[in-house]
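Visitor: For reference, the structure I am asking about is given below.
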Amino acid sequence: MSGTKSSDRYFTIGLVAAWYSSNIGVLLLNKYLLSNYGFRYPIFLTMCHMTACSLLSYIAIAWMKMVPMQTIRSRVQFMKISALSLIFCASVVSGNVSLKYLPVSFNQAIGATTPFFTAVFAYLMTLKREAWLTYITLIPVVTGVIIASGGEPSFHMFGFVMCVGATAARALKSVVQGILLSSEGEKLNSMNLLLYMAPIAVVLLLPVTLFMEENVVGIALALAREDIRIIWLLVFNSALAYFVNLTNFLVTKHTSALTLQVLGNAKGAVAVVVSILIFKNPVSITGMLGYSLTVFGVILYSEAKKRRILSTRRLYETLNEELAETPYDPPETNRKVSIKSELQSLLPNLDSLNPQISSLKIRDAALCCAALASALESTTKHLSWVPMSLSTLALSVFLELSDTYCGGNDNCSLEVADSELDLRGLKNEKKLVIKLIPEVLPFLKGKIKESAIDTSNEDGGILAASASVPVAYAILAASQFRWLVTQVDSPHLGKLSPLVIPCGLTALDHWSPEVKGQGMISFVHLAKTVNAAEIGGYTDVVLDACCQNVACEDEIWHDLVQMSVLLVTLTQRSNPRSLWFEKLLSEMLSHLEREPRNKQRRTAWLIHIEPMFSALGLILVAHFRRLFPLFFKWMHADDDDTILMVLERITTILRLTWIRNTPHVERLVDELVILYRDAAMKIAREDIRSHIFQVLTIIRQSKSSQFHTTWVKYKDDPDLAALQPSLTEGDAAMVQIPVLHPLKLHACYNISQVAEQPFPSANNSLSPLHELIQILETMETSITSCAHRTLLSGISSQQYPPSLASQRSVSQSFSSKSSKASSLFGESLRFAPKSSIKLSKAKNSSLEEFLTKATPDKGLIRLMTCMGEALRTIAFKVRTASCGGTACVNSFGDEQLAVDMLANKLLFEALQYSHFCKYACSEEVPELQDMGGPVEGGFSVAFDPLDGSSIVDTNFTVGTIFGVWPGDKLTGVTGADQVAAAMGIFGPRTTYVLALKDCPGTHEFLLLDEGKWQHVKDTTSIGEGKMFSPGNLRATTDNPDYAKLIDYYVREKYTLRYTGGMVPDVNQIIVKEKGIFTNVLSPSAKAKLRLLFEVAPLGFLIEKAGGYSSDGKQSVLDKVIRELDERTQVAYGSKNEIIRFEETLYGSSRLKAAAQPVGATA
């Protein structure tokens, strides 16, 4: 071992000696040729150097394989190298010219100012700033050159200018090289760069040589005839010029850039001494003093750079020590996982910190700093142990790392996703984050995904309970992701969107609220920073993720609402009729309606919803019947902040949509009066009463007739005495408020941007507001179609007279019949599709209203409601699925769940969210999963998440089936033990068909455009009719009785209605109230329908609807479920059809008292 170290030491010493020899040798030889020998052709000499570098570089790389050959990848890269070659030529030629006139000692003194010119060019071209101490060290460098110039006996102005120019060109080349060849794909090592620059330099120098040094070749040959040594001197000098670059590369490779810099400073001093000894040029004391001062400044400059790196090392080690000494108290649920150990593993003990450190170590150190710094703004328990002092120290380390590794000139641009990011002018910490993102985000995305997907699960399901990696690691990765993304601003974040969005979506798709929350904060920053075009093709995927997460936990609902509102308004602002506005608003309103007293949710929604209101404009009228009931509840909340925000949102809505009469006006005035009285006991009473007065004033001016009709009953109320003068006097007391001018009405009827104009008095001509109302009455159909995509019926075509005598005529102009039949603001919008014909029979009740009346069990009500929410989401996913039932790939290339697996995931989440489900299992996961609900008063649910998923890609109707049993048992029970069963049907319409044990009939609910379930039909009897749906027809080949039954249906001219999906085939029996469905086994075609997941729940629905079920011998509801995966044959239909089925297959029927056969047996 010691022998190896000794040989390595000698090899390094030899390399340094070779580097010194070649550097000083070529310098002295150039001086000898150009000054002493009399060969006064510096350009030709430089061309000889470049020719030798071209040949020897090719031999070293292509033949000797000293370094791998790097190829030029594009014409642009070639042009950049050509530009560098031009600067390189200028530098070498100027240096050689200066040697004709200046001694080597003075030449070296001027050359020592290279750091000064580098700092100047770096600041001018990249705005890069060094530390103030570094700039101070450059003062003696420049001062020394000035002193040396004054005391130089052989001073020559032209030579001085050329030498300064050569020094500046060297510095310019290093800066320009960092700018032009900064991307990873274009970077070349010094040997390959010389390989390409040298031939280009020869081509550039050849015409210049022939023009400026005429007949130089002939002169050189003439000199050779007199003294053959000139040829050998030129050849040796040219080869030595190449070995300068080769030894420079090898010394850097086997030592470090810092060592090379220190050796370079010493080399200059050695070159000066050797040149004085050889050429014996006169040296003055002043010149030596100036040169010494310059060298001293260069040494100080190197020391300042070194101290900066050592300072970073000390800070880095301090962080490591502080992290090790910090007490670690993990959450109870993750005692076996150590986030602290994970972070410590990212901070290895480094032997040295220098710019050559591997990018992997930089990445790990940056990730550790990001995690610790994110703890400052994180609420997760997994980072709660990080003290503020440690987070602050991590930020300091990150800043030092960025200054050390992004302080050079090779960080000016970065290629990401076919676009180039200009990093000039950015602070180093921003540069480091941007450079890390392309490498780090895919890594973090994988970390997040690991704890969400159980790779050992053959079914490919995503379940929190089966995660193979602890969720703590996903939370850590999400926190790092959020911190990195929030450090990047415009326009760079927009260019990085193709990397940021997929990682953010992975976080949103995770089951952990803490992971979701970090993803939401990242999207909030993204929406505030980028423009819609930069989100581009990810728009639908991102907005769908917002919809999917509306049901998230309370603690992250604030971030969810802010994210959703910002993203939808950013991407859909130009199209207020977009389905995404309606989808998101309906989803949020549904959750608020279920929990109207949830202060955390309502506050978050009221704070952030304003931009969506402004973007929707007049389209808001479609949501009035859901918005105002919530506002009326919240107006009387306990906290003043909620009340003030509600009044502000009402003001916004009135200003945007005060076009038509609305039945909410009277109720709104009444609620405002109650609130005005109650405000006397509130702390913010003055602000509340001021807002109430503003709202009442707007109502009075825009809906005068309705307002006065309501207000008249309060004219003698003493509590309202302060309001009476302003709200009962004439128009003179009215304030000016924004009025919507018809010319401002866009094609989409978004009138959120309006001009302020005064409301006219009764004697004025037709006002802009009245003109708009007049226009809107004739356009009523279009507006409502815009809001609901349906048509109004019974629209009044009455026209306004040329002028209006009073405001009252505005409301009176509508015919009573028209206003009752269709009101933009009304609660009974009777302009639905055909199904609305049956609405009156079902009393138009909502799902919640029906369940409340049908059963007193609040747990069952919540469970059925939550399942309805899941069915709404599944319907949307089925409608927008771009895949079949096996796999999907989204727009950014990530493998997604099949539709049935996604439905499976959503239903499990809904059951867990209901808090009343103890156990659940599905056809996809046929094992009991603990949902956390109680045993007493709780339920167990079995479901088929998407029956018919194999025909999704053919656009056939598919559906979801589930049954609900009391308690915690799903085996040893029968179908008759069910307390409820239901199916969701996803076809041209989306319906929710359910039956409850204590409620007669089977009931159908239609999913309306605004996202609510409305009761449209109840079925209590299934009669006779010739319609059949024969499943498993392969069984007819070896089951002659089944074949006989099918022949009977055909012979008797039954109508065939079979889709291949069990849900639509059974549903048609309930809807049409007739028919039969069969699925029979045979020796070769075994039973495949599962008793628990499909047969028993559908049997419950059929028998509650007045029909019958059978497995050939008994009702399927009487069969005991012995195994979760037990299978059976089945038939559903009317009584006579089931009798025929049983008699044909088994000779007798339990339903027929007489022995007389019917149907196929007759």
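Mapping to UniProt numbering: the sequence shown position 974 is 974, numbers consecutive.
Positions of the beta carbon are idealized from the N, C-alpha and C atoms, including for glycine.
(1) With a CB to CB cut of under 7 Å and the five nearest residues on each side skipped, what residues in its chain are close to phenylalanine 956?
(2) Is valine 1130 helix, strand or coil by DSSP?
(3) If you run the structure through DSSP and keep just helix, strand and coil, what is glycine 425?
(4) Under the three-state reduction of DSSP, which class applies to tryptophan 1013: helix, strand or coil?
(5) Tell me which residue opens and which closes the alpha helix (DSSP H) that lysine 1104 is part of.
(6) Which same chain residues end up closer than 7 Å to glycine 868 when comparing Cβ atoms and leaving out the 5 residues on each side of it in sequence?
(7) With a 10 Å radius around its C-beta and 16 neighbouring C-beta atoms as the bar for buried, classify histidine 510 as buried or exposed.
(8) Considering only C-alpha positions, which residue in the set Leu592, Glu534, Ile535, Val568 is nearest to glutamate 553?
(9) Look at the alpha carbon of leucine 28 and the alpha carbon of leucine 195, and state the distance between them as a whole number of angstroms.
(10) CB-CB under 6 Å to cysteine 369, same chain, minus the five flanking residues each way: which ones, in chain order?
(11) Between glutamine 1068 and proline 945, what straight-line distance do the alpha-carbon atoms span, to the nearest angstrom?
(12) Where glutamate 849 and histidine 558 are concerned, what is the direct C-alpha to C-alpha distance, given to the nearest angstrom?
(13) Would you call the CB atoms of alanine 1105 and threonine 990 closer than 8 Å?
(14) Between which two residues does the beta strand (DSSP E) holding threonine 991 run?
(15) For leucine 436 and lysine 918, I'd like the C-alpha separation in whole angstroms.
(16) Using 8 Å as the cut-off, can you tell me whether the stretch 1045-1059 makes contact with the stretch 1091-1105, which would need three or more C-beta pairs spanning the two stretches below that distance?
(17) Name the DSSP beta bridge partners of valine 964, please?
(18) Any beta-carbon of chain D closer than 8 Å to the one on threonine 1002?
(19) Under the assumption that phenylalanine 116 contacts valine 92 (Cβ atoms under 8 Å), give the Cβ distance between them as a whole number of angstroms.
(20) Give every residue of the same chain whose Cβ lies closer than 7 Å to the Cβ of valine 958, excluding the five residues on either side of it in the sequence, and list them in chain order.
(21) If we count the other Cβ atoms within 10 Å of its Cβ and call it buried at 16 or more, is glycine 1075 buried or exposed?
(22) At which residue ranges does the stretch 192-230 contain complete alpha helix (DSSP H) runs of 4 or more residues, listed in the order of the chain?
(23) Check whether the stretch 560-567 and the stretch 518-538 are in contact - that is, three or more C-beta pairs closer than 8 Å.
(24) Quick one: is arginine 655 buried, meaning 16 or more other Cβ sit within 10 Å of its Cβ, or exposed?
(25) For glutamine 480, I'd like the list of residues in its chain whose CB is within less than 7 Å of its CB, leaving aside the five on either flank, ordered along the chain.
(26) The alpha helix (DSSP H) spanning glutamate 593 covers which residue range?
(27) Buried or exposed for threonine 1055, going by 16 or more other Cβ atoms inside 10 Å?
(28) Quick test of your reading: isoleucine 61 and asparagine 192, contact by CB under 8 Å. State the CB separation rounded to the nearest angstrom.
(29) Are the Cβ atoms of threonine 571 and leucine 589 separated by less than 8 Å?
(30) Have a look at the DSSP bridge pairing and note the partners of leucine 1089.
(31) So, using beta-carbon positions, are valine 1120 and threonine 1128 closer together than 8 Å?
(32) Contact defined as beta carbons within less than 8 Å: I believe phenylalanine 1077 pairs with glycine 1031. What is the distance between those atoms, to the nearest angstrom?
(33) Identify whether glutamate 771 lies in helix, strand or coil by the three-state DSSP scheme.
(34) Leaving aside the five residues before and after isoleucine 448 along the sequence, list all residues of the same chain whose C-beta is less than 7 Å from its C-beta, in chain order.
(35) For arginine 48 versus serine 98, is the C-beta distance shorter than 8 Å?
(36) Among Ser1148, Lys495, Val550, Gly938, which one has its Cα closest to the Cα of threonine 873?
Guide: So, from the data block:
(1) Its chain contains Gly948, Thr1059, Gly1060, Gly1061 as the residues whose beta carbon lies nearer than 7 Å to that of phenylalanine 956, once the 5 sequence neighbours on both sides are disregarded; these appear in chain order.
(2) strand
(3) In the structure shown, glycine 425 sits in coil (DSSP, three-state: anything other than H, G, I, E or B).
(4) strand
(5) 1096-1104
(6) Leu847, Tyr992, Trp1013
(7) buried
(8) Leu592
(9) 25 Å
(10) Ala394, Val397, Phe398
(11) 20 Å
(12) 29 Å
(13) Against a cut-off of 8 Å, the Cβ pair of threonine 990 and alanine 1105 comes out as no contact.
(14) 990-996
(15) 46 Å
(16) no
(17) Valine 964 pairs with Val941, Ala980.
(18) Going by chain labels, chain D is absent from the structure shown, which holds only one protein chain.
(19) Between valine 92 and phenylalanine 116 the Cβ distance is about 20 Å, and since that is not below 8 Å, they are no contact.
(20) Excluding residues within five positions, the ones whose Cβ falls inside 7 Å are Val878, Leu946, Asp947, Gly948, Ser949, Ile951, Val952, Phe986, Gly1061, Val1063.
(21) With a 10 Å radius around the Cβ and a threshold of 16 neighbouring Cβ atoms, glycine 1075 comes out buried.
(22) With a minimum length of 4 residues, the unbroken runs of alpha helix (DSSP H) contained wholly in the stretch 192-230 fall at 216-226.
(23) yes
(24) buried
(25) Leu367, Ala370, Ala371, Ser374, Leu444
(26) Glutamate 593 -> alpha helix (DSSP H) spans 579-594.
(27) exposed
(28) 7 Å
(29) no
(30) Thr1128
(31) no
(32) Phenylalanine 1077 to glycine 1031, Cβ: 7 Å. Contact.
(33) Unreliable placement is indicated for glutamate 771, whose pLDDT of 46 sits below 50; no coordinate value is reported for it.
(34) Here isoleucine 448 has Ala474, Ala477, Ala478, Thr506, Ala507, His510, Val515 as same chain residues with Cβ atoms under 7 Å from its own Cβ, once five neighbours each way along the sequence are excluded.
(35) In the sequence under discussion, the amino acid at residue 48 is cysteine, which differs from the arginine named in the question. Not a contact, by the Cβ cut-off of 8 Å.
(36) Taking threonine 873 as reference, the option from Ser1148, Lys495, Val550, Gly938 with the minimal CA-CA separation is Val550.
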